[in-house]
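Residue numbers (the working numbering): 1280 to 1457.
All residues carry an ideal CB built from backbone N, CA and C; glycine is no exception.
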């Protein structure tokens, strides 16, 4: 797969194809980096996990951060990407058991976002107390589109709306997600 990621030609590919490819490439390369250095207790046990290693992705050398923040997000501008990219840590959304494909990408992004935002480990509710992932703090502007709040964004995908508009953040757990 790594050879296919390196040599894949995105010339002439539409935005949806590029988006699906980059999501899959990111997840595969993050997993590869963990496997290549295993055993580790955290992605941060690998020096500069997100920045130091440069992979070839569609003929271009880049780190995981460049792939995510300079290629994928500027092109897609889609907050649901935060729920499909996996960083190999416990607090990251869980890895999907499928590949993202252009023909079903919209449905897959919706499905995965709904799954993550209904996960009691990701959105923690205790009575009226709500704690959300630090992802919502780090990338707040991504979720606050059209004047909506972070809670509005989350509730759009939840089966049961959050009991309060007040929330806090839980500490991100960077331990390896096995």
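On the premise that residue 1351 lies in contact with residue 1343, defined as a C-beta separation below 8 Å, what is that separation, rounded to the nearest angstrom?
Residue 1343 to residue 1351, Cβ: 10 Å. No contact.
So what's residue 1426 in DSSP terms, helix, strand or just coil?
helix
Counting along the chain, where does the beta strand (DSSP E) carrying residue 1405 start and finish?
1402-1405 is the extent of the beta strand (DSSP E) around residue 1405.
Does the region 1297-1314 come close enough to the region 1369-1387 to have 3 or more Cβ pairs within less than 8 Å?
yes
Contact the region 1308-1321 vs the region 1363-1377: 3+ CB pairs below 8 Å
yes
Work out the CA separation of residue 1435 and residue 1424 for me, nearest whole Å.
13 Å
Measuring from the CB of residue 1351, is there a heavy atom of the ligand NAD at a distance below 7 Å?
Although the ligand NAD was asked about, the structure shown includes no ligands whatsoever.
Quick one: Cα of residue 1448 to Cα of residue 1433, how far?
14 Å
Check whether the region 1323-1332 touches the region 1287-1298, taking contact to mean three or more Cβ pairs, one atom from each stretch, closer than 8 Å.
Too few Cβ pairs lie closer than 8 Å, so no.
Given a cut-off of 8 Å, decide if residue 1358 and residue 1421 are closer than it, judged by their beta-carbon atoms.
yes
Nearest by alpha-carbon distance to residue 1415: which of 1282, 1370 and 1354 is it?
1370
Determine the direct distance from the alpha carbon of residue 1287 to that of residue 1355, and round the result to whole angstroms.
19 Å
Helix, strand or coil: which one does DSSP assign to residue 1395?
helix
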